[in-house]
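Protein chains: 2
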Amino acid sequence: KTTFSGISPSEFFYRNRDLAGFSNPAKALYTATRELVENSLDACESSEILPNIYVRMTPVVDQLDSPEPRTYKLKVSDNGPGIDPVKAPDAFGRVFYGSKYKLRQARGMFGMGGTMAVLYGQITTSKPVVIYTSTDGKKFHKFTLRIDIQKNAPVIINKEIIEGKGSTGTTVELLLTGDAFRASTKVHDYFLESALVTPYAEITFVDAQGKMFYYPRSTNTLPKPSQETQPHPHGFDFEGMRRLIEDTDDKNLHKLLTNNFHRVGATTSTNFFKFAKIDHTSSPKDLSYENIVKMVDAMHSYESFLPPDSHCLSPLGKDILNAGIMSELSPEFSTIAIRPPSAYSGFPFIVEVGLAYGGNVGSGGVKLFRYANRIPLLYDEGSDIAWQVVKDLAIDKKRAYKIPDNAPLALITHVCSTKVPFKTAGKEFLADRPEIERELKNAVREVLRKLRLHLSRQSSQEAVKRR
Amino acid sequence: KTTFSGISPSEFFYRNRDLAGFSNPAKALYTATRELVENSLDACESSEILPNIYVRMTPVVDQLDSPEPRTYKLKVSDNGPGIDPVKAPDAFGRVFYGSKYKLRQARGMFGMGGTMAVLYGQITTSKPVVIYTSTDGKKFHKFTLRIDIQKNAPVIINKEIIEGKGSTGTTVELLLTGDAFRASTKVHDYFLESALVTPYAEITFVDAQGKMFYYPRSTNTLPKPSQETQPHPHGFDFEGMRRLIEDTDDKNLHKLLTNNFHRVGATTSTNFFKFAKIDHTSSPKDLSYENIVKMVDAMHSYESFLPPDSHCLSPLGKDILNAGIMSELSPEFSTIAIRPPSAYSGFPFIVEVGLAYGGNVGSGGVKLFRYANRIPLLYDEGSDIAWQVVKDLAIDKKRAYKIPDNAPLALITHVCSTKVPFKTAGKEFLADRPEIERELKNAVREVLRKLRLHLSRQSSQEAVKRR
Ligand SMILES: Nc1ncnc2c1ncn2[C@@H]1O[C@H](COP(=O)(O)OP(=O)(O)OP(=O)(O)O)[C@@H](O)[C@H]1O
Ligand SMILES: Nc1ncnc2c1ncn2[C@@H]1O[C@H](COP(=O)(O)OP(=O)(O)OP(=O)(O)O)[C@@H](O)[C@H]1O
Ligand SMILES: [Mg+2]
Ligand SMILES: [Mg+2]
């Protein structure tokens, strides 16, 4: 007899924690740290606060004699805006709940990262998480909570109010089974690579051995926070259109487009409906199934929508990329390509690529540093579309760019979007969305062509010298 | 002002379909096909019915002139046991709902694959899915349904009863945006590799160009269906123990272990509690937090639990692996290693590895065929722990096994478990769980050592010949 059952989202990720990046104690320690730090960076940036983030990993004293994996206390503190105390328990105790289900660029997007760190800590140590948060600097709300995994709901074990010292912020303290030794290289690289793209953040990291790594602020200029936007018409899908039509008060299709889509004005709308051969005065609610199909298909193929503007995005820009390349790679030659905004499935995105050659760049194979929405990606390089593009152009086709074997070549790729197409809930690597692949290819070709020019000038200069 | 919201599981996967293997039209067509075929195979095997599965992809007529991607009709039919008509709408219309949340090996495990195929079809074409199913052969229940994505619930558009022709089974028919041209190689490989490990199944596949591929049954012997089991104590986590203690009527710890765990009898339990230094007569409900920690930690480190038996598993076995190697690779030499059952995090698993060398095996690099729970894995090879083990041993360390460069070498890996640790909800590749990595290494070393023996005999025979 076949028996059926349904499970909650937290139960699903309890059973399948590999999907969220918690496969083994080393990886889990890495992922939990990443998720909490990214929550702090997001919160500070969207409230235009220069981030001060403090991260500490402490082995639990009585476990010091036992070999890894062991129990660690993980603490992440920020000076961000704090979390509304009414919302904080759900923010950390409920999977698929958060403030980032909006069309603007942020590191968070799934509504589950912080909750997964809490969940993993709970299932490996049975200890509750402690959250301190203040939105006014005067009162800190201290929550001790655990997750009712079968219900996907927080259980508040204790709640207190503590006198604040004048500054808002949030601190998360949890215990988890980790392997700090195995995770060490990746954790340190994460902080280093994160600091490179957040020069306005001050990050202090005290690792499991008590060693402190301090990444000071090198600029007081915050990037302009990304603004919420409307979907871009290119690639907008049926379900989106169906909901729009169901919910709309717009009296005709012309208004439906101009009121609800990114950069669609009266002229664009008129021209689009001419192209689609649909009467733009008809009412959305009267549209037949065939005509909705026709309209959505036409939105896919119409070439003259204005490209997205980047208000909903927060690209790194030349200054940050240059500063990072110079400080970390000290190359003899470098160049940057920043692609204009594009869109996939209605989501605006920008691709930025940096190239560094020679100087202190190590030989022995192309080194790729991947980022997405300012998050360093340190796992599963081979599966990432960015690597596949780099391998195709800078390795398989290196002759075309006059790149010698074992060249001292490093590339940095950054994809930023209102929705990064991660292939895993652990945000390890990017899926191959054709539009993103195309823009990565354009950007990588651009920097490789500049490198080729540099290399051929260099070799002709050397030829001149020899004569 | 920060506003929070929660979303349903189907809304989550609507927004993040890349996580489920639906990144682009080619991949989506592949994944939808895979999910439906695996549902049919699971259903037939668990009801001990020799599977007859019919798959057909048909381009929608009026789209034939437009270039790919286009709208396809995907139809998958089986002679399985059918689905209880009361449950069928939720089975296909609700994410995180199904019959496979049990501790036994099956291809399905997430409760979302079939639902995702329906969801992707709906968001790309707005058409409902049609399900025909009969559990008695007399009446077929025909459901036309779509998914209320925001609610994660099915909406039955139409329901009919049709006269059956005497045989039970299920047919799923849906429309979706696919790219059959781009997906062609992978789809055909999927059927070929699937047929290799299911010689008891008859599979008919009519591709998008109308070409029929017929994989006949080569044996009438079904594998013994996997039996539901209890968790194995090795690696059982806190949350599992907490729930067990909360729900139990067992009066003492000794009974708690013998009644609830796989192959833990009176002797094992007594010896375990001696090792853990815990009084096995104490009541589970009276156990302090510290003693639960002590018990769970001891369950991790105790080496003398009986290894799992394989009733909950369904390994391929030597016959199927040999038949597959011979028919597809025709090597000059082959060998198979089947590891004894092991467990990770309480889940029993078995690793099986086949090796084929020379003969018709192509040169030019090691070829790896990966399987998990009889599912062929055709994507993201580089990220799979199976590939990392094969690369480490058969490529980086090939000298140790006397393997020449560009050797004509192929390996087949099969990991079967009551829970395969997939890293993605699209079941593309395996996460690196240490226990599974260890068993893969043991199995690969075993076959490579046999190959080394064969190669050195071969070279000494040739040396004899030359004299
Ligand atoms: N340090 C923090 N400061 C302010 N708000 C926070 C902080 N940490 C978490 N939050 C809030 O809690 C919500 C849930 O966090 P969680 O990490 O679970 O999901 P997310 O960040 O929205 O998405 P993702 O799963 O991609 O990380 C966030 O959306 C944010 O509103
Ligand atoms: N062809 C079929 N015959 C019988 N039962 C089926 C069939 N297809 C689906 N089902 C039932 O519907 C349920 C839901 O299927 P679905 O593919 O969504 O999830 P699953 O197979 O349980 O897990 P997974 O997401 O890993 O595939 C299954 O558990 C099974 O009980
Ligand atoms: Mg987050
Ligand atoms: Mg399934």
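So the protein lines, in turn, are chains A and B. Heads up, the first sequence is in the numbering used here, so the first residue is 66 and it goes up one at a time. Heads up, the second sequence is in the numbering used here, so the first residue is 66 and it goes up one at a time. Glycine is no exception: its CB is placed at the ideal position from the N, C-alpha and C atoms. Keep in mind the model is a prediction, meaning the values are calculated, not measured.
Test item: CB-CB of residue i and residue j under 9 Å
i, j, result
"A:T98", "A:T294", "no"
"A:A490", "A:M122", "no"
"A:V195", "A:T209", "yes"
"B:A85", "B:P146", "no"
"B:A475", "B:V426", "yes"
"B:K140", "B:E238", "yes"
"A:F326", "A:A363", "no"
"A:Y137", "A:L94", "yes"
"B:F205", "B:I227", "yes"
"B:S283", "B:V160", "no"
"B:F412", "B:G300", "yes"
"A:T189", "A:P90", "yes"
"B:G430", "B:S399", "no"
"A:R328", "A:L371", "yes"
Rounded straight-line distance, which links the Cα of residue j to that of residue i
i, j, result
"B:I403", "B:R307", "35 Å"
"B:D213", "A:D497", "28 Å"
"B:V480", "A:Y436", "32 Å"
"B:T68", "A:T269", "29 Å"
"B:K251", "A:R172", "33 Å"
"B:L513", "B:L520", "10 Å"
"B:P406", "A:A260", "45 Å"
"B:A331", "B:E368", "16 Å"
"B:T346", "B:G229", "58 Å"
"B:D545", "A:Q187", "This structure does not reach residue 545 of chain B, given that chain B is present from 66 up to 532, and the question cannot be answered."
"A:K506", "A:V454", "6 Å"
"B:A465", "B:I401", "19 Å"
"B:K320", "B:K216", "43 Å"
"A:I148", "A:V509", "40 Å"
"B:G533", "B:D201", "With chain B covering 66 to 532 only, the question about residue 533 of chain B has no answer from this structure."
"A:L516", "A:S353", "54 Å"
"B:I477", "A:A273", "40 Å"
"B:I440", "A:T235", "45 Å"
"B:V102", "B:Y265", "15 Å"
"A:Y248", "B:H365", "Per the sequence presented here, residue 248 of chain A reads as Ala, with Tyr not at that position. One C-alpha to the other measures close to 21 Å."
C-beta neighbour in chain A for residue i, strict 9 Å
i, result
"B:V358", "yes"
"B:T190", "yes"
"B:S448", "yes"
"B:P499", "yes"
"B:P146", "yes"
"B:E110", "no"
"B:Y137", "no"
"B:Y197", "no"
"B:S428", "no"
"B:E100", "no"
"B:A459", "no"
"B:D315", "no"
"B:T96", "no"
"B:P372", "no"
"B:F161", "yes"
Proximity test, Cβ basis, 9 Å: residue i and chain B
i, result
"A:T491", "It should be pointed out that residue 491 of chain A corresponds to Gly in this sequence rather than to Thr. It does; some Cβ of chain B falls within 9 Å."
"A:P441", "no"
"A:Q523", "no"
"A:G202", "no"
"A:P486", "yes"
"A:F614", "Within the shown structure, residues of chain A are numbered from 66 to 532, placing residue 614 of chain A beyond reach of any answer."
Please write down, chain order preserved, every residue whose beta carbon lies under 6 Å from a heavy atom of ligand 3.
Those satisfying the condition are, in chain order, A:E100, A:E103, A:N104, A:G173, A:G178 and A:G179.
Contiguous beta strand (DSSP E) assignments of at least 3 residues, all confined to the region 261-340 of chain A
267-271 and 277-280
Any chance you could list the alpha helix (DSSP H) runs of at least 4 consecutive residues sitting entirely within the region 421-481 of chain A, in chain order?
450-455
Whole beta strand (DSSP E) elements within the region 103-141 of chain B, 3-residue minimum
As far as the region 103-141 of chain B is concerned, its whole beta strand (DSSP E) runs of at least 3 residues are 117-124.
Kindly provide the ranges of any beta strand (DSSP E) runs that are 3 or more residues long and lie completely inside the region 200-240 of chain B, ordered along the chain.
204-213 and 218-228
List, from N- to C-terminal side, the beta strand (DSSP E) runs of 3 residues or more that fit wholly inside the region 379-421 of chain B.
398-403 and 407-409
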